[in-house]
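Here the structure comes first, spelled out in structure tokens, and everything after it is commentary.
Numbering (UniProt numbering), first residue to last: 1 to 268.
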């Protein structure tokens, strides 16, 4: 067990061989604070009986995020509040979309009861991919070159949110590490996993978070790019934003990247 800043982590070692490939710290998706136990779950989408309930919880959390942190996302509350129940289910079930949620439990909750359908959902992040280089690459971004598909998997992290009353407890890091762990394991032993994300340039705190997790600057993107790489191209205006170039085609967004590789350490 590894204790860090009052949060207890246990898990696996993810590492890479060079500074350009970052190390994912010892991690498992559970941490304990005095007032709550937090656990990160990968939302299951194959259970047709449970999924409508989970989609409802996710919709509530997502709309709260869009209301509380309006400038942090490319999408808006006005757009997504119009989704029907079936549309929320469809969005969770989209191919290449993996959603992770942070759930808060009371301190006396037994481990076997710390399930995805219990507790309070207090954060989430979405992982998209793996995506072919032909779609993933943004040649005008000014970022580093992208590896070919035969040597690496390519992913996009988006929609990170942590409810205000549960911030400064390490939850955002848990969510990002959970997504990074998933992408590395999906790539497999000896294969690189590249993860990219986009942030608002004025969001200094979130930039510091990703800097601390080993992400590096990787160019810029437009709002039009952000909708596409975040899997929300269907939410763009009909003209793709051509009538509002200053809004949709101004490269103000900051891109960041991190590459990892997974090595099975034999401890599982």
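Glycine included, every Cβ here is placed at the ideal spot set by N, Cα and C.
The model shown is predicted, which means the values in this text are computed figures rather than measured ones.
Once the 5 residues before and after residue i are set aside, which same chain residues still bring their CB inside 6 Å of it?
i           : result
residue 210 : 256
residue 55  : 88, 89 and 92
residue 126 : 99, 158 and 159
residue 229 : 156
residue 25  : Caution is warranted here: a pLDDT of 34 is assigned to residue 25, below 50, making its placement in the model unreliable, and the coordinate value is therefore given only provisionally. Counting only Cβ-Cβ distances below 6 Å, and skipping sequence neighbours, we find nothing.
residue 119 : 103, 104 and 105
residue 236 : 227
residue 187 : 153 and 193
Drop a sphere of 10 angstroms on the beta-carbon of residue i, count the other beta-carbons inside from all chains shown, and report buried for 16 or more, exposed for fewer.
i           : result
residue 53  : exposed
residue 85  : exposed
residue 204 : exposed
residue 248 : buried
residue 208 : exposed
residue 96  : exposed
residue 267 : The pLDDT assigned to residue 267 is 46, lower than 50, so where the model puts this residue is not dependable; a value taken from the coordinates is nonetheless given after this. Residue 267 is exposed by the Cβ-count criterion.
residue 242 : exposed
residue 71  : exposed
residue 122 : buried
residue 79  : exposed
residue 231 : buried
residue 193 : buried
residue 153 : buried
residue 113 : exposed
residue 4   : At residue 4 the pLDDT is 26, less than 50, meaning the model places this residue with poor confidence; the figure from the coordinates comes in the next sentence. So residue 4 ends up on the exposed side.
residue 246 : exposed
residue 129 : buried
Check the DSSP bridge columns for residue i and list the partner residues they point to.
i           : result
residue 194 : 154 and 259
residue 232 : For residue 232, which the question treats as bridged, DSSP gives no partner whatsoever.
residue 199 : 254
residue 217 : 256
residue 189 : 262
Excluding sequence positions up to five away, which residues of its chain have a Cβ less than 8 Å from the Cβ of residue i?
i           : result
residue 83  : 59 and 91
residue 124 : 58, 61, 62, 65, 99, 100, 101, 102, 159, 160, 161 and 175
residue 141 : 218, 219, 220, 221, 225, 251 and 255
residue 185 : 262
residue 182 : 42, 98, 100 and 127
residue 216 : 256, 257 and 258
residue 350 : The structure shown does not extend to residue 350, since the chain is modelled only from 1 through 268, so no value can be given for it.
residue 166 : 36, 38, 102, 104, 122 and 123
residue 164 : 68
residue 240 : 224 and 248
residue 138 : 219, 221, 225, 229 and 255
residue 94  : 231
residue 18  : Low per-residue confidence applies at residue 18: pLDDT is 33, beneath 50, and the placement is therefore not dependable enough to give any value.
Which same chain residues end up closer than 7 Å to residue i when comparing Cβ atoms and leaving out the 5 residues on each side of it in sequence?
i           : result
residue 117 : 50, 53 and 54
residue 81  : 63
residue 74  : 223, 226, 227, 230 and 232
residue 206 : 199
residue 238 : none
Can residue i be considered in contact with the ligand COA, in the sense that its beta carbon sits closer than 6 Å to one or more heavy atoms?
i           : result
residue 110 : Questions concerning the ligand COA fall outside what the structure shown contains, since it holds no ligand whatsoever.
Could you tell me whether the Cβ of residue i comes closer than 7 Å to any Cβ of chain D?
i          : result
residue 56 : Any reference to chain D falls outside this structure, which holds one protein chain only.
*Can you check the stretch 129 to 165 for any alpha helix (DSSP H) of at least 4 residues that lies completely inside it and give the ranges in chain order?*
133 to 136
_At least 3 beta-carbon pairs within less than 8 Å: the stretch 35 to 46 vs the stretch 104 to 123_ = yes
_Does the stretch 241 to 261 come into contact with the stretch 191 to 207, if we say contact requires no fewer than three beta-carbon pairs (one atom in each stretch) closer than 8 Å?_
yes
*Which ranges does the alpha helix (DSSP H) cover as unbroken runs of at least 4 residues, wholly within the stretch 48 to 133, from first to last along the chain?*
51 to 68, 77 to 80 and 85 to 93
*Does the stretch 42 to 52 come close enough to the stretch 166 to 175 that 3 or more CB-CB pairs lie under 8 Å?*
They do not touch, by the three-pair rule.
_Stretch pair the stretch 145 to 152 + the stretch 125 to 135: three plus CB contacts closer than 8 Å_ = yes
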